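> What the sequence shown shows, in our numbering, is residues 395 to 674, in sequence order. Backbone N, C-alpha and C fix where the C-beta goes; we use that ideal spot for every residue, glycine too. This structure is a prediction, so every number in the text was calculated from the model and none was measured.
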Amino acid sequence: MKPLNADLHCHSTVSDGLLTPAEVVRRAHGNGVELLALTDHDELGGLTEARAAADEVGLRFLDGVEVSISWGDDQTVHIVALGVDPTNPALVAGLQQVRSGRDSRAGRMAAELDKVGIHGAYEGALRHAGNPALISRAHFARYIVEQGRAKDTKSVFDYWLAKGKPGYVQHAWASLEDAVSWIVGAGGTAVVAHPGRYRMSKAERHTLFAAFKDMGGRGVEVLSGSHNAEEVAEFSRVCREFGFLASRASDFHGPGESWIDLGKMPDLPEGLTPVWSQFI
Ligand code: AMP
Ligand code: MN
Ligand code: MN
Ligand code: MN
Numbered sequence: 395m396k397p398l399n400a401d402l403h404c405h406s407t408v409s410d411g412l413l414t415p416a417e418v419v420r421r422a423h424g425n426g427v428e429l430l431a432l433t434d435h436d437e438l439g440g441l442t443e444a445r446a447a448a449d450e451v452g453l454r455f456l457d458g459v460e461v462s463i464s465w466g467d468d469q470t471v472h473i474v475a476l477g478v479d480p481t482n483p484a485l486v487a488g489l490q491q492v493r494s495g496r497d498s499r500a501g502r503m504a505a506e507l508d509k510v511g512i513h514g515a516y517e518g519a520l521r522h523a524g525n526p527a528l529i530s531r532a533h534f535a536r537y538i539v540e541q542g543r544a545k546d547t548k549s550v551f552d553y554w555l556a557k558g559k560p561g562y563v564q565h566a567w568a569s570l571e572d573a574v575s576w577i578v579g580a581g582g583t584a585v586v587a588h589p590g591r592y593r594m595s596k597a598e599r600h601t602l603f604a605a606f607k608d609m610g611g612r613g614v615e616v617l618s619g620s621h622n623a624e625e626v627a628e629f630s631r632v633c634r635e636f637g638f639l640a641s642r643a644s645d646f647h648g649p650g651e652s653w654i655d656l657g658k659m660p661d662l663p664e665g666l667t668p669v670w671s672q673f674i
């Protein structure tokens, strides 16, 4: 049987994506996606529009969100929630609290960037974000490219925004335990997003996966736009070892700004249980 073209991680203008929720849905449908989850950062505000657009084109749709977590010694980890009830009070309140830190963090980032000669970054990033509670490093990256200080957003991260670079500041996001409990409490499935992107040793990642499983986490993104073949093999092994469900995710943010387009990932490796088996 032909595997389902599921894409369970992407962004819209409601966080740091470039397309509106409805545009994301229509592009996914046009690309042959058969099951889509919109997973804006810490924000559920695009789901109603996305679901309406999905109903219109006849695309199966899951309510999702990508929650920002602080883990260990100043590591940021992302947990994707799939199939949550977007009206669940604890989830709504928890995400509101996570978002409330973004504006002050952006102010601190702008102050650091100012010291290295990038001026006006708060206002510039806010212009791209449209809302202080949604300002992300991606919006700073767009401003810095616009200023001619880097050729593309990826190089902005390499020079200015990644951990250890001048514009990076420490920030306390949600705890893993809180995030998983909000997701599970809202009837959703918690999935570790793009594990290959975390600068951790295999042993540190093992500790993260074990804690995540203990707290009620169920899935891992095996296929992510940012994973290479070696990482796909490693996280396939992790799924087998821990009994995790496997996810398939573009992490699409917009044309020209993403590793891969909606739904264009390869099929999941054989023998893994797809996380969407519980939704279809
Ligand atoms: P924040 O949640 O504000 O820390 O911003 C993180 C966002 O920045 C991610 O969701 C990506 O959209 C973007 N990002 C992080 N690292 C990179 C990178 N190396 N290249 C391009 N975009 C990145
Ligand atoms: Mn993003
Ligand atoms: Mn992420
Ligand atoms: Mn993402």
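So, for residue 486: in the same chain, excluding its five sequence neighbours on each side, which residues have a beta-carbon less than 8 Å away from its beta-carbon?
438 and 480
> Out of 631, 424, 417 and 399, which has the shortest C-alpha to C-alpha gap to residue 407?
417
> Is residue 484 closer than 8 Å to residue 529 when the C-beta atoms are compared?
no
> As an exercise, report each continuous alpha helix (DSSP H) stretch of at least 4 residues that is fully enclosed by the segment 454–504, in chain order.
Here the runs fully enclosed are 483–494.
> Where does residue 401 sit, in a helix, a strand or coil, going by DSSP?
strand
> In three-state terms, what does DSSP make of residue 539?
helix
> Please name the residue in 449, 474, 541 and 451 whose C-alpha comes closest to that of residue 459.
Just measuring C-alpha positions, the residue of 449, 474, 541 and 451 sitting nearest residue 459 is 474.
> Could you compute how far the alpha carbon of residue 489 sits from the alpha carbon of residue 461?
For residue 489 and residue 461, the distance between alpha carbons rounds to 8 Å.
> Please list the terminal residues of the continuous alpha helix (DSSP H) segment that includes residue 549.
547–550
> Check this for me: beta carbons of residue 620 and residue 591, under 8 Å apart or not?
Yes, these two residues count as a Cβ contact at 8 Å.
> Ends of the alpha helix (DSSP H) at residue 605?
For residue 605, the enclosing alpha helix (DSSP H) stretches over residues 596–608.
> Ends of the alpha helix (DSSP H) at residue 442?
441–451
> Give the DSSP bridge partners of residue 583, in chain order.
476
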